[in-house]
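The structure under discussion appears below in the form of structure tokens.
In my numbering, the protein residues as written are 1 to 422.
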């Protein structure tokens, strides 16, 4: 990679829309792709400076298996001599994509499609590197408290139940935890002030894609509307925030409109700096796994989602056969001048992300969750005592009590060390 005393940046993207007839993500019911609502894409943003080169890859996918993530990382390290801390790979968690992560009730992973998206990601890095140009960077934020809500509801007798499963009558007391209203936007401009790309993040899970349509969900619609409003194509990379217990509070159309309005407003008023120092840290961690020795969660599942009992029994059997005792994962932190990006595994609960930002030394910290291999929702330690969908053991819900708090502590330590470097 070329380096320069000032910031350089470039973005590249590739279409990864699968063929009709592909098996789409579904939790219990089979879904076959019969139409395309919005195309799927892999987008890569490359930063380069005298100190560091950084590569951010985003997929319109539910998640990547750990082996697939590792193959992409190893290819980039081999071809471009990138250190592991320089690569963050994040997936949007859309349900409108083929089955490439071990979600509840999922059949075999679509290996041919996985090979295609891995190759596409590596190619986008090559294209972006060739396009590097002088750039300036800034980060803005807004608050969207009306857009999302905490979907885990405390009840008198059910403890906690996810609102999207069912809400028992005369039972709900209050949301279990906080919802995070922060909407963050990373703006990258060229020397003439025109946008190279926009990176946006919010803590609300993508659950709108539930029919037979291939769909990038809200990020795909946002991309279309931003292109229309600006008048030409500006790649928009979406980073899922800590949305393990949070959902959007309105229809897809209302949410898309609110995000586009806010994204345009923040983009137009965010100044950008070409003198940006880049730095990165990586920490491999080993995280606790959920107890799969017995079907401890069966009574809770029978009470709250009885149709899923058989599927969870199969999940437990698969976990027992695998025999894992802990889950290896990777934490990433980047410094972009006075701003930061933290790459986190899975989908931590909103309060965990809020703790990271509250203690971060950066002026603004974007959270790139669902990074690395897919591990599913990451509840707080307290939430495990309340039960509910996000706490039930499955191949796509692996991390046990204490994992979330440990991730917060390690991420805050890494950010502090980045800011202590001269």
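Glycine included, each C-beta is placed from N, C-alpha and C at the ideal position.
What you are looking at is a predicted structure, and each value in this text was computed from that prediction instead of being measured.
Residue i versus residue j - alpha carbon distance
i           : j           : result
residue 349 : residue 204 : 10 angstroms
residue 89  : residue 170 : 43 angstroms
residue 404 : residue 65  : 20 angstroms
residue 128 : residue 45  : 7 angstroms
residue 3   : residue 277 : Caution applies to residue 3, whose pLDDT of 41 falls short of 50 and renders its modelled position unreliable; the value that the coordinates give is listed next. Taking the straight line joining both Cα atoms gives about 12 angstroms.
residue 315 : residue 297 : 12 angstroms
residue 5   : residue 339 : For residue 5, the predicted model reports a pLDDT of 46, less than 50, meaning its position is unreliable and no value from the coordinates is stated.
residue 242 : residue 81  : 31 angstroms
residue 285 : residue 33  : 37 angstroms
residue 324 : residue 398 : 10 angstroms
residue 41  : residue 31  : 20 angstroms
residue 182 : residue 202 : 6 angstroms
residue 151 : residue 418 : 34 angstroms
residue 217 : residue 133 : 31 angstroms
residue 39  : residue 60  : 9 angstroms
residue 195 : residue 237 : 13 angstroms
residue 378 : residue 400 : 8 angstroms
residue 54  : residue 47  : 5 angstroms
residue 382 : residue 79  : 44 angstroms
residue 390 : residue 130 : 42 angstroms
residue 50  : residue 136 : 15 angstroms
residue 261 : residue 228 : 12 angstroms
residue 146 : residue 163 : 17 angstroms
residue 158 : residue 310 : 20 angstroms
residue 166 : residue 52  : 48 angstroms
residue 1   : residue 214 : Caution is warranted here: a pLDDT of 40 is assigned to residue 1, below 50, making its placement in the model unreliable, and no coordinate value can be reported.
residue 244 : residue 351 : 10 angstroms
residue 67  : residue 374 : 10 angstroms
residue 248 : residue 225 : 19 angstroms
residue 313 : residue 414 : 38 angstroms
residue 160 : residue 362 : 34 angstroms
residue 85  : residue 281 : 5 angstroms
residue 365 : residue 28  : 36 angstroms
residue 63  : residue 222 : 20 angstroms
residue 11  : residue 200 : 15 angstroms
residue 230 : residue 219 : 16 angstroms
residue 295 : residue 402 : 20 angstroms
residue 251 : residue 421 : 45 angstroms
residue 172 : residue 156 : 7 angstroms
Contact under 7 angstroms by Cβ, residue i with residue j
i           : j           : result
residue 9   : residue 188 : yes
residue 76  : residue 125 : yes
residue 300 : residue 387 : yes
residue 119 : residue 239 : no
residue 179 : residue 149 : yes
residue 283 : residue 410 : yes
residue 102 : residue 396 : yes
residue 342 : residue 104 : no
residue 198 : residue 176 : no
residue 327 : residue 408 : no
residue 412 : residue 359 : yes
residue 26  : residue 72  : no
residue 23  : residue 117 : no
residue 335 : residue 416 : no
residue 138 : residue 271 : yes
residue 372 : residue 345 : yes
residue 7   : residue 274 : yes
Element boundaries [beta strand (DSSP E), containing residue i]
i           : result
residue 149 : 148 to 150
residue 423 : Past the edges of the chain, shown from 1 to 422, lies residue 423, and the structure says nothing about it.
residue 145 : It is not in any beta strand (DSSP E) - residue 145 carries neither H nor E in the DSSP assignment.
residue 48  : 41 to 48
residue 58  : 53 to 59
residue 87  : 87 to 91
Terminal residues of the alpha helix (DSSP H) in which residue i lies
i           : result
residue 70  : 66 to 80
residue 413 : 403 to 420
residue 108 : Careful: residue 108 lies outside any alpha helix (DSSP H) and carries neither H nor E.
Handout entry: Every unbroken beta strand (DSSP E) inside the segment 238 to 316 [3 residues or more]
Key = If one requires a minimum length of 3 residues, the beta strand (DSSP E) runs lying completely within the segment 238 to 316 are 246 to 248, 278 to 288, in chain order.
Problem - Cβ pair count under 8 angstroms reaching 3, the segment 86 to 100 against the segment 198 to 217 - result: Touching, yes.
Problem - Segment contact flag, the segment 314 to 331 with the segment 282 to 301, C-beta cutoff 8 angstroms, min 3 pairs - result: yes
Handout entry: Cβ contact check for the segment 140 to 148 and the segment 260 to 277: 3 or more pairs under 8 angstroms
Key = Proximity of the segment 140 to 148 to the segment 260 to 277 meets the contact definition, three or more beta-carbon pairs being nearer than 8 angstroms.
Problem - Start-end ranges of the alpha helix (DSSP H) lying completely within the segment 151 to 236, minimum 4 residues - result: Counting only unbroken stretches of 4 or more residues, the alpha helix (DSSP H) elements lying wholly within the segment 151 to 236 are 218 to 230, in sequence order.
Exercise for the section: Would you be able to state if there are at least three C-beta pairs under 8 angstroms between the segment 17 to 31 and the segment 108 to 118? Expected result: yes
Exercise for the section: Give, in chain order, every unbroken run of the beta strand (DSSP E) that is at least 3 residues long and sits entirely within the segment 334 to 400. Expected result: 339 to 345, 364 to 371
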